[in-house]
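Novice:
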Amino acid sequence: MDFSEKEYYLILFITGASPNSVRAISNIKSICEKYLKGNYILEIVDVYKSPEIAQKEQIVALPTLIKKKPEMERRLVGDMSETEKVMRGLGILS
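Here it is as structure tokens:
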């Protein structure tokens with residue numbers, strides 16, 4: 001399946017510049033640029049700066065990555081440094 005033709009809409013919820021947040025941002029951006037280049041929107045939400053968005057999305061643990069598109073919504077919670085786990089969660093790997 002060619003993932004480069006699907007448009008992905010992702011929201012990554014983080015807590016400021018914590019080590020987990022920095023690692024999550026770096027890994028998610030790297031995966032997106034390598035596998036989804038030109039076909040993704042990545043929104044990064046710092047829950048300290050935008051708690052209302054986190055509340056609306058019912059975020060209970062951080063970091064959390066929400067895949068809004070394509071297909072059904074999926075949530076990945078916790079350590080985003082495991083590239084294979086993140087790719088499976090996004091549907092890039094089966």
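Note that full-length UniProt numbering gives residue 81 to position 81 of the sequence shown, counting from 1, and the numbers run on in steps of one.
For every residue, glycine included, the Cβ atom is placed at its ideal position computed from N, Cα and C.
1. Between residue 41 and residue 7, what straight-line distance do the alpha-carbon atoms span, to the nearest angstrom?
2. Grouping DSSP H, G and I as helix and E and B as strand, with all else coil, what is residue 15?
3. Rounded to whole angstroms, how far is the Cβ of residue 39 from the Cβ of residue 83, which I believe are closer than 8 Å?
4. Who are the Cβ neighbours of residue 69 in its own chain at under 7 Å, not counting the five residues just before and after it?
5. Counting along the chain, where does the beta strand (DSSP E) carrying residue 43 start and finish?
Specialist: On the basis of the data shown:
1. On the sequence shown, position 41 is the one that residue 41 refers to. On the sequence shown, position 7 is the one that residue 7 refers to. If I take the Cα positions, the gap works out to 8 Å.
2. Residue mapping note: residue 15 aligns to position 15 of the sequence shown, counting from 1. Secondary structure of residue 15 (DSSP, three-state): coil.
3. By one-based count along the sequence shown, residue 39 stands at place 39. By one-based count along the sequence shown, residue 83 stands at place 83. With a beta-carbon spacing of about 18 Å, residue 39 and residue 83 fall beyond the 8 Å limit used to define contacts.
4. Translated into the one-based positions of the sequence shown, residue 69 becomes position 69. In its chain, beyond the 5 residues on either side, 7, 8 and 9 have a beta carbon closer than 7 Å to the beta carbon of residue 69.
5. Taking the first residue of the sequence shown as 1, we reach residue 43 at position 43. Under the DSSP assignment, residue 43 falls in the beta strand (DSSP E) whose first and last residues are 40 to 46.
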